[in-house]
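Engineer:
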Amino acid sequence: MIMDESQKMRKNGLYPDDPDYFSILANKETERLYSAFNENSRDFNKRKLWVQCIKVFRAGVLISVAGGMLVLTVAMFKQVRSAREENRELSTEIVGIKKSNDERTARNEEIIGRLTEKTAKYRELEKNILFLQKEIPGIGGIMLDAYNNIDQMSLDQIQMLPKSEKEAYFREKIEVNGLNLYSLIYEDWVFPVSEPGHSYVSSEYGLRTDPFDPKSKINNMHVGIDIVSPYDPSIRAVYDGIVYENGYSTVYGYYALIRHNMKGVDIRTLYAHADVIKVKKGQVVEKGQEIALIGDTGNTRGRHLHFEARGPFLKGQNRAKRINPVKNSTYGRVVY
């Protein structure tokens, strides 16, 4: 049986009418309450401590998780950044490879273009070589085989002559069937450019240094004359005739070849390096008629007319010697 404080006090001989009864009872109650308070405080502190521990634990767990996530995030960020850098390097390398391929493709196309151009030039050169072998031996500094029979002298022998003798040799008149071709030509021809007083012969007929190789010590045969006409580009036929041939070659550029019947002698004149040819094959032309315009087409170093005279052409033959088209020619500039 559980006794309360008042019963305990009666048992101990204390009753309510005792003066100390209520004082002792109050003290006992105070002690009980204080004890209970302390007990409750201890319980409360224990619970609070547990709560704090749980909170700290949770916080630690959260911090650990957050820290782990942060570490993971940082690691993933580093991996992403590394991947981006690698992709950037690969992209740069791809761009470089593409640029290199484009450059190689461009070089290949350029080489193909050059090969195509050189092939075309080679084929044109083959045609011109055949043309030169057939019609115009000696152009561009090559000696004329036709002169080998003149006075029974070879070209090597001619080259060994002093300059004055070589000049006199090639100025010698050619006599054919009793006709003096020079007198025949100079009595009836007109000058092939229509600008008297201003045009001049820049390179004459005969031996000369190669104009494309001025340092060369070898003299080559120039089988025509070069005429410069600064103000009037007109080229005219020197005599009545028929256009025997016209066209284009690498050596002559645009040219026209006219056939003349001069007192029964077949003489032909060539007009080369023209910009424009104004006559057609088979066309009849008159002396002094404009047939072309001076240019710089073909193998040339400036605008001028390359003029040749060929003949006589014997019946059934299509080759003849080149003759000096200028009477009493002297080396240097001759003004007309």
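According to the UniProt record's numbering, the sequence shown is numbered sequentially starting from 1. Using N, Cα and C, we set each Cβ at its ideal position, and we do this for glycine too.
If you pair each beta-carbon of the segment 229-240 with each one of the segment 289-296, do three or more pairs fall below 8 Å?
Structural biologist: In short, these stretches touch, since the Cβ pair count reaches three.
Engineer: Measure the CB-CB distance between S203 and P192 and report whether it falls below 9 Å.
Structural biologist: The residue given as residue 203 occupies position 203 in the sequence shown. The residue given as residue 192 occupies position 192 in the sequence shown. No. Outside cutoff.
Engineer: Please name the residue, chosen from L257, Y252, G311, that lies closest to N246 on a Cα-to-Cα basis.
Structural biologist: Working through the sequence shown from its first residue, we reach residue 246 at position 246. The shortest Cα separation from N246 among L257, Y252, G311 belongs to L257.
Engineer: Can you look up G298 in the DSSP assignment and give me helix, strand or coil?
Structural biologist: What you label residue 298 is simply residue 298 of the sequence shown in a count that begins at 1. Looking at G298 - three-state DSSP - the assignment turns out to be coil, as it is neither helix nor strand.
Engineer: Since G224 and F307 are thought to touch, with beta carbons under 8 Å apart, how far apart are those beta carbons, to the nearest angstrom?
Structural biologist: Counting from one through the sequence shown, the residue named residue 224 turns up at place 224. Counting from one through the sequence shown, the residue named residue 307 turns up at place 307. Indeed, because the Cβ distance is near 5 Å, the residues count as touching under 8 Å.
Engineer: Using CA atoms only, rank isn't needed, just tell me which of N299, D188, V284, K281 is closest to D226.
Structural biologist: As a position in the sequence shown, residue 226 is number 226, starting the count at 1. Ranking the options by Cα distance to D226, first place goes to N299.
Engineer: My parser needs the beta strand (DSSP E) runs of 3 or more residues fully inside the UniProt domain "M23ase beta-sheet core" (221-311); what are they?
Structural biologist: With a minimum length of 3 residues, the continuous beta strand (DSSP E) runs that stay inside the UniProt domain "M23ase beta-sheet core" (221-311) are 225-228, 234-236, 241-249, 253-262, 265-277, 290-294, 305-310.
Engineer: Run the CB neighbour count on A75, radius 10 Å, all protein chains shown included, and call it buried at 16 or more, exposed below.
Structural biologist: As a working note, residue 75 is residue 75 in the sequence shown. Burial call: exposed.
Engineer: Out of Y255, Y248, R303, V285, which one is the CA nearest neighbour of V238?
Structural biologist: Stepping through the sequence shown from its first residue, residue 238 is reached at position 238. Of the listed residues, the one whose Cα sits closest to V238 is V285.
Engineer: Do the CB positions of G241 and N261 come within less than 9 Å of each other?
Structural biologist: Position 241 of the sequence shown, counted from the first residue, corresponds to residue 241. Position 261 of the sequence shown, counted from the first residue, corresponds to residue 261. Closer than 9 Å, so yes.
Engineer: Could you give the distance in angstroms between the alpha-carbon of I277 and the alpha-carbon of V243?
Structural biologist: Translated into the one-based positions of the sequence shown, residue 277 becomes position 277. Translated into the one-based positions of the sequence shown, residue 243 becomes position 243. Going from the Cα of I277 to the Cα of V243 covers about 11 Å.
Engineer: Tell me where the beta strand (DSSP E) around L207 begins and ends.
Structural biologist: The residue you call residue 207 lines up with position 207 of the sequence shown. 206-209 is the extent of the beta strand (DSSP E) around L207.
Engineer: Tell me where the beta strand (DSSP E) around V326 begins and ends.
Structural biologist: Working through the sequence shown from its first residue, we reach residue 326 at position 326. Careful: V326 lies outside any beta strand (DSSP E) and carries neither H nor E.
Engineer: Could you work out which residue in Y271, G302, E117, N87 is closest to P325 when comparing CA atoms only?
Structural biologist: By one-based count along the sequence shown, residue 325 stands at place 325. Comparing Cα positions, the closest option is Y271.
Engineer: Taking the straight line between their C-alpha atoms, what separation do you get for Y92 and D102?
Structural biologist: Along the sequence shown, read from residue 1 onward, the residue named residue 92 stands at position 92. Along the sequence shown, read from residue 1 onward, the residue named residue 102 stands at position 102. Checking the sequence, you will find Thr at residue 92 rather than Tyr. One C-alpha to the other measures close to 15 Å.
Engineer: Decide if P230 is buried, meaning its Cβ has at least 16 other Cβ atoms within 10 Å, or exposed.
Structural biologist: Looking up residue 230 in the sequence shown gives position 230. It is exposed - the Cβ of P230 has fewer than 16 other Cβ atoms within 10 Å.
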